[in-house]
Each structure stands twice: as C-alpha cells, then as structure tokens.
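Engineer:
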Amino acid sequence: MAAREMTYAEALREALREEMARDERVIIMGEDVKINVWTVTRDLHKEFGDRVINCPLSESGFSGAGVGAALTGMRPVVEIMYHDFTLYAADSIANQAAKYRYMCGGGDFKVPIVFRVAGGGSSGGSGCHHGQSLEATFIHFPGLKVIFPSNPYDAKGLLKTAIRDNNPVVFFEHKLCYPIKGAVPAGDYTVPIGKAEVKREGKDVTIVSYAYILHKALKAADQLAEEGIEAEVIDLRTLRPVDTECILKSVQKTSKLVTAEEGTKMGGVGAEIAAIVAEEGLQYLDAPIKRVAAAEWIIASSAYADQMGIPQVEDIARAVKELF
Amino acid sequence: MPAIEKDTLLKIYSNMVRLRVFDDKVNLLVESGIRITQHSTRGQEATQIAATAALEPNDYVMPYHRGWGWAIGKGMDPKILLSELMGKGTGCCAGKGGVHIADWKLRIMGRPGVQAAHVPIAAGVGLSIKMRKAKDVVLCFFGDGASNEGNIHEGMNLAAVWKAPVVFICENNLYALFTPNIETTSVQDIADRAQGYGIPGAIIDGNDAIAGYEAAKEAINRARSGQGPTLIEAKTYRIHGHTAMDRFHLGGYRPKEEVDEWEKKDPVKKLRERLMEIRMATAQELDEIDQKTKEEIEEAEKFAKESPYPTREDILRDVYCEA
Ligand SMILES: Cc1ncc(C[n+]2csc(CCOP(=O)(O)OP(=O)(O)O)c2C)c(N)n1
Ligand SMILES: [Mg+2]
Chain A
0 MAAREMTYAE ALREALREEM ARDERVIIMG EDVKINVWTV TRDLHKEFGD RVINCPLSES
60 GFSGAGVGAA LTGMRPVVEI MYHDFTLYAA DSIANQAAKY RYMCGGGDFK VPIVFRVAGG
120 GSSGGSGCHH GQSLEATFIH FPGLKVIFPS NPYDAKGLLK TAIRDNNPVV FFEHKLCYPI
180 KGAVPAGDYT VPIGKAEVKR EGKDVTIVSY AYILHKALKA ADQLAEEGIE AEVIDLRTLR
240 PVDTECILKS VQKTSKLVTA EEGTKMGGVG AEIAAIVAEE GLQYLDAPIK RVAAAEWIIA
300 SSAYADQMGI PQVEDIARAV KELF
Chain B
0 MPAIEKDTLL KIYSNMVRLR VFDDKVNLLV ESGIRITQHS TRGQEATQIA ATAALEPNDY
60 VMPYHRGWGW AIGKGMDPKI LLSELMGKGT GCCAGKGGVH IADWKLRIMG RPGVQAAHVP
120 IAAGVGLSIK MRKAKDVVLC FFGDGASNEG NIHEGMNLAA VWKAPVVFIC ENNLYALFTP
180 NIETTSVQDI ADRAQGYGIP GAIIDGNDAI AGYEAAKEAI NRARSGQGPT LIEAKTYRIH
240 GHTAMDRFHL GGYRPKEEVD EWEKKDPVKK LRERLMEIRM ATAQELDEID QKTKEEIEEA
300 EKFAKESPYP TREDILRDVY CEA
C-alpha cells in the first residue's frame, strides 16, 4: 500500500483510528483525550463518540478502571500524559494489570490493555516532573510487555500489535519523537513485539538504543564513520521481551557494545542489555561495555540547563571511541 | 415481616452456617500448622452472604481480603475454595491465587492483595457493562481501613461520574489491623463520604442478614436500572480480630468486654432466631442444615488434603496469555 510522509504523532493517531474502526471493543481512556495536548487522540471522539472517554485526573483510578474494562470484554487504550505520572498509576499497571491473569489461575482471565505513556524525554525546561524517561522502571515486571518506538512506521505498526495483544502492554512515547516525520503505509500493517531492528550496519562496534536517543546514536555513527569507525546501530523497539538474538548476533560480529538511553544508568535498560551480553556473549567482547545514560542528576527545570545531564551525540561518539 | 422468600432466607442461613463452619475449619487447619492467611469472617457473615444472595448469577463480585463470605455466597464449592487456600492444583486459581480467590464462571473477579486496588477496577467493570449494554451489576467490598486509600476516592468518583452499575459495600468493623479507626478516619460514618460523590450512602446493621439483603437489593436494583452506584456501610465486628494470630486479642488492643458485647450480636444466631420467630423454619429444619454443612466441610477438608499440588511447570505458566 502507498506510503505517505507523516509524523510519529499522526502515525499513532492513525493506528488508533484504524483499530477503533476494526474492533468496536477498542476504547480510549485518559485525561483530555478529546482535544489532547499531544494531538494523538485528537478528534477521534467525533468519529467514535462515547468510545473516547475524558477521565478525571486520577491516573491510578482510570488505569485500574481500564483493567476492569479489559477483564470484561473491552480493549482499552489508556493514555497517561507523562512518563512521570506512571508512578501514580504504578499499582494499577505493575501490581494489577501485570499479575491479574496469573493470580486468577489463567484461563479466561486476561487483560488486553495498552497503557500509552506519552510525553517523556526532557526538553524545554519541563523538568523532572514532566521530563523523565521511566521505561526502565517497567521492564522489571513479568506479565507486562514494554514498547518504545523511535519512528512513525514502527509507532503505527507496534501500536496496532499492542492493541491486538491479549496482554497488558506499556507503550512508551517520546515527546521529541512526536514531530519526527517518516514514511507510513496507508492501511493495515503490524510490527511484531519483541523484534529489534538493525538501523545501520557496521562491523566495528554495536550501539544498542531506542526511542529519541536512537536518532542521536545514528548521528554519532555518521560522525564515527568519518573517523573510520563503522558502528552498527540497533533499535530495540521492544524493551520486554528484549530481542537478545539480534543483540548477540551483532556483538558477535563487532566485539564491542555501547548502549545509549535517556533514562538514568543504574538499573536502566542499558544495564539489562549489558548484563545479557555479559551472561550470554562475553566471549565475543574484546573491550569493556560502555553505557551512555543520563547523569546522576535530577532533570533541571530550566530551558537553559535541561539538556546538561542528558546524553548528546558527542557523548555517544566519545563512549565509542574510548573502546578503540 | 420482610418480603423475602423462604428459599432465599434459607439459602442465606445455610450459606452463613457454611461460612461459619468453613471459618472454624480454617482455624483448625492453621493451628495444625497448615499455612493459610486467615482473615476470619466470624461475626461478619451477615452482610457478605446476604448481599451476594441479592445478586443474579451473572452479576460480578469484586471481593476483598476479609474472609470467604463473598465466595461462598457467590456459590463457590468449599472444596474448591479450601483447595485454593491450601495451594492445591484443584483450587479455583489452580493453586496460584491462594487467598486471592477468583472464579471466571462465578464472576468472582479476583481478590486483590493491595487494599483498595480493586475499587477502580470495579468501576471499570461497571463501565464495560454499560458499554456492552449488558444488564449486570458489580458488588464491590472493602473495609473501613481501606476506605482511606486514594483509590477509593478515585474509584468511587469514576463509578459515580459514569453512573456505572456498581454497589460499594464497606464493612466497618472498627479496626484496621490493630488500630481503631477513630485514630485514622475523619468521619464516624463512612457512608457520609457518599455525599462527596453525589451518590446515596446507607448505614445498616452489619450483623443483620435481613437488613443486609434488603439494602443490597435496593442498591442493586438502582444500579441495574441505570441510576448508578450506592455506598452501603455495614457496621460490624471482627470477632477473631485481624488474622489467626489475633484470635485471642493480640496485644490487648481491644477489651474483652467489647468482644463479649459483639458476641451477643452473633449474626448467625440472630438469623436463626428470627427464622424461627417468624415461623419460616423449625429448629429441626435448621439443625439439619447445620449438620449437613458440617459433613460437607469435612468432605471439603478431605478433598483439599488429598488433592495434588500443582507441578512447577503449572506454577510457572500463565504469566502471559499466549493466545
Ligand atoms: C495498600 C495496602 N496497605 C496495607 C496492607 C496491609 N493490610 C492488610 S489488611 C489491612 C487492614 C485492612 O483494614 P480494613 O480495611 O478495615 O479491613 P479489615 O481487615 O478490618 O476487615 C492492612 C493494612 C495491604 N494489604 N495493602
Ligand atoms: Mg476494618
């Protein structure tokens, strides 16, 4: 089918629109989802009426209500406005949605829900209550699937897959990705959960990244190429389950691993990737693993300073060069 | 003379006895060294059993940790219930839920271990019922302690604003763990909080099964006819305290006289006397129920004890839905 250029936000909206048209059990819940600051759910109520539900400010409450609706025949897509506010909803996501099926003994109990965690990613001084990247917090929980796309094509295809999945999915989005444009096919297609993608091939070092900072990793790879280092860049796309095979295959080829994320280092996504490679592919490595992550800081609420602790292109390039 | 049919009253009575005998059995099992977290229902049989008796089979229950009345009232076989409590593969959650009882067919939607987590979930079940244009109702239980959780506020507001078919029953037994609610709760009557959500709040004698049935029926009818939630507060008492460790008044936090006073209001005895007084049943009929129930619970014990534990493979299954 013909592909058009559209933004990440538009691609997400198209996925929602198509899935709502395809399956009347799909509903949207969240704060201000009719006008919607992110534009992702904007005006869908004009087409789908009561299936787009403006919820009160109660992240724990409407996330829990989504679980109840999912248990009994609906397929809610719940928007949590910023990564930061998932901590209000954490019980509903990690204690309830993730564990419901198991605790009830499986069978007919299932929780087909998507938590779209919008926002994220520091920018413009929004600071530590509107700018954290909290995806690593949720990779810890069996029962959940965790996705974080970097581009419009994956955003649409993965959101569709997430909506069709019979398990709770935490679908992270990045506010700096919303305006990014890319080719998106019209009509139906899906991207599988649990499959990473090699975005750039290279033989000298593997950079594992995802979401917005992936674009910085690709820029770093371009710079490194000018200096004669060919980096292979992997977009994880799904953080749980993680595509171990893709990472190990690349590291086997390059013998070097750098991870790049926007969240903090300790207990981060990079820590997990590093651990997987240490456990299953240490023999492939000829240098230490480098993790590029946020500084050990609180994101400053200052348009001037808020990038100071967030890894930039140069930080990734520098980390790579330290291995040679 | 209440307009409740004889069959219903006898069903309520026999389920209250079933619950009482079951509760005693769990205490004995705990004493014998079998590990079950027993939040005894003793003294609170009336509301849980009577309210669930007012439901239709397709209605949902969102239970909480206090006892087993909502399970027995919804029709769970004590064999299956006890097997689950003992972690056996024949239990309703295949030995993986334990005290977190759920049953898809009985529409027992899962008992949380996190206080009040289920209240927004109940609101969501109510939303789903409305969106599917079904006619079912959700009965959601919680305690006086849990009533102070933020999730109660969020869940009741959601249910109210959606006019969802949810009936909230708060069993106020005066304590949460070993803390009297006078130290923790801003109102004496939790039902007063209903006002804040624009829904009716009702107070009932939680030890009176007939009052419990009537209040629940009214609220259930109201919910079913699209008028939204009700909050019922049942004033009652945990005779055996918080858990098995508290049966004999751990730490002396509640005076023996208080327990003795509440013993006099025993809901099972109260209903039994009432049934005889209004000539709905004879002592002999009721004795027969008592006797049959004892045998049934003995059989349940035998069944649960003889049931196999799940295999490790079974225990590790169902983290994800593979379909
Ligand atoms: C969120 C949460 N906090 C604390 C607990 C521990 N806890 C279990 S039961 C209980 C007391 C509940 O009191 P109440 O709601 O009055 O019910 P009751 O036990 O009196 O029937 C507490 C604090 C818990 N399970 N969940
Ligand atoms: Mg209490």
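First to last, the sequence lines map onto chains A and B. So in numbering that gives the first Met the number 0, spot 142 of the first sequence is number 141, and the numbers just go up one at a time. So in numbering that gives the first Met the number 0, spot 91 of the second sequence is number 90, and the numbers just go up one at a time. Positions of the beta carbon are idealized from the N, C-alpha and C atoms, including for glycine. Note that this is a predicted model, so its numbers are computed, not measured.
Within 8 Å (strictly less), CB to CB, does residue 265 of chain A reach chain B?
Structural biologist: no
Engineer: Compare the Cα-Cα distances from residue 290 of chain A to each of A/299, A/261, A/281 and A/214 and report the closest residue.
Structural biologist: A/261
Engineer: If you check the beta carbons only, do residue 68 of chain B and residue 43 of chain B fall under 8 Å apart?
Structural biologist: yes
Engineer: Would residue 18 of chain A be called buried (16 or more neighbouring beta carbons within 10 Å of its own) or exposed?
Structural biologist: buried
Engineer: May I ask you to report which of helix, strand or coil DSSP gives residue 0 of chain B?
Structural biologist: Residue placement at residue 0 of chain B is poorly supported in this model, since its pLDDT is 43, which falls under 50; the coordinates still yield a value, given next. If DSSP states are grouped into helix, strand and coil, residue 0 of chain B belongs with coil.
Engineer: Cβ of residue 249 of chain A within 8 Å of Cβ of residue 275 of chain A?
Structural biologist: no
Engineer: With 8 Å set as the bound, which would you pick, yes or no: does the beta-carbon of residue 149 of chain B sit closer than that to a beta-carbon of chain A?
Structural biologist: yes
Engineer: Candidates A/95, A/117, A/118 and A/120: which alpha carbon is nearest residue 109 of chain A's?
Structural biologist: A/95
Engineer: Could you give the distance in angstroms between the alpha-carbon of residue 166 of chain B and the alpha-carbon of residue 288 of chain A?
Structural biologist: 56 Å
Engineer: Tell me the DSSP secondary structure of residue 174 of chain B in three-state form.
Structural biologist: strand
Engineer: Step through the CB atoms of chain B and report whether any lies within less than 8 Å of the CB of residue 191 of chain A.
Structural biologist: no
Engineer: Hey, how far is the Cα of residue 0 of chain B from the Cα of residue 60 of chain A?
Structural biologist: Note that residue 0 of chain B scores 43 on pLDDT, short of 50, meaning its location in the model is unreliable; the coordinates nonetheless yield the value given after this. Approximately 42 Å between the Cα atoms of the pair.
Engineer: Along the region 58-86 of chain A, where does the CB come closer than 9 Å to a CB of chain B? Name the residues.
Structural biologist: 58, 59, 60, 61, 62, 63, 64, 65, 66, 67, 68, 69, 70, 71, 72, 73 and 75
Engineer: Does DSSP put residue 314 of chain A in a helix, in a strand, or in coil?
Structural biologist: Helix, per DSSP.
Engineer: Residues in its own chain within less than 6 Å of residue 136 of chain B by CB, not counting five upstream and five downstream?
Structural biologist: 58, 164, 219, 222 and 223
Engineer: Classify residue 181 of chain A as helix, strand or coil using the three-state DSSP reduction.
Structural biologist: strand
Engineer: Determine which residues share a DSSP beta bridge with residue 114 of chain A and list them.
Structural biologist: As DSSP reads the structure, residue 114 of chain A sits in a beta bridge with A/77 and A/169.
Engineer: Look at residue 205 of chain B and residue 197 of chain B and say whether their C-beta atoms are less than 8 Å apart.
Structural biologist: no
Engineer: Grouping DSSP H, G and I as helix and E and B as strand, with all else coil, what is residue 149 of chain B?
Structural biologist: helix
Engineer: If the cut is a Cβ gap below 8 Å, which residues of chain A does residue 122 of chain B touch?
Structural biologist: 60, 63, 64 and 67
Engineer: Using a Cβ-Cβ cut-off of less than 9 Å, give me the residues of the region 26-40 of chain B that come near chain A, in sequence order.
Structural biologist: none
Engineer: What residues from chain A crowd round residue 58 of chain B, counting only those whose CB sits closer than 9 Å?
Structural biologist: Per Cβ cutoff of 9 Å: no residues; residue 58 of chain B is ~12 Å from chain A at best.
Engineer: At a cut-off of 7 Å, would you count residue 170 of chain A as near ligand 1, judging by its Cβ distance to the nearest heavy atom?
Structural biologist: no
Engineer: Taking Cβ positions, are residue 109 of chain B and residue 103 of chain A nearer each other than 8 Å?
Structural biologist: yes
Engineer: Closer than 6 Å is what we want: which residues have a beta carbon that near any heavy atom of ligand 2? List them in chain order.
Structural biologist: B/142, B/143, B/144, B/172, B/174 and B/175
Engineer: Which residue comes first and which comes last in the alpha helix (DSSP H) that contains residue 301 of chain B?
Structural biologist: 282-305
Engineer: In the DSSP assignment, the alpha helix (DSSP H) including residue 52 of chain B goes from what residue to what residue?
Structural biologist: Element bounds for residue 52 of chain B: 44-52.
Engineer: So, are the CB atoms of residue 140 of chain B and residue 115 of chain B less than 8 Å apart?
Structural biologist: For residue 140 of chain B and residue 115 of chain B, no; Cβs fall outside 8 Å.
Engineer: May I ask you to check if the CB of residue 321 of chain A is nearer than 7 Å to at least one heavy atom of ligand 1?
Structural biologist: Residue 321 of chain A has its CB no nearer than 7 Å to any heavy atom of ligand 1.
Engineer: Ligand 1 and residue 113 of chain B: does any heavy atom of the ligand fall closer than 7 Å to the residue's C-beta?
Structural biologist: yes
Engineer: Between the region 100-122 of chain A and chain B, which residues of the former have a C-beta closer than 7 Å to a C-beta of the latter?
Structural biologist: Cβ contacts with chain B come from 100, 101, 102, 103, 104, 105, 106, 107, 108 and 109.
Engineer: To be precise: take each residue of the region 24-44 of chain A, compare its Cβ to all Cβ atoms of chain B, and keep it if any distance is under 8 Å. Which residues remain?
Structural biologist: 26
Engineer: If I measure Cβ to Cβ from residue 316 of chain A and keep anything under 7 Å in the same chain, skipping five residues before and after, which residues do I get?
Structural biologist: Residues of the same chain with a CB within less than 7 Å of the CB of residue 316 of chain A, apart from the 5 flanking positions on each side, are 219, 222 and 223 in chain order.
Engineer: Is the beta carbon of residue 196 of chain A sitting closer than 8 Å to the one on residue 163 of chain A?
Structural biologist: Remark: C-beta atoms of residue 196 of chain A and residue 163 of chain A do not approach each other more closely than 8 Å.
Engineer: Taking Cβ-Cβ distances shorter than 7 Å, what residues in chain A pair up with residue 323 of chain B?
Structural biologist: Absent from the model: residue 323 of chain B. The displayed extent of chain B is 0 to 322, so no value can be given.
Engineer: Decide if residue 247 of chain B is buried, meaning its Cβ has at least 16 other Cβ atoms within 10 Å, or exposed.
Structural biologist: exposed
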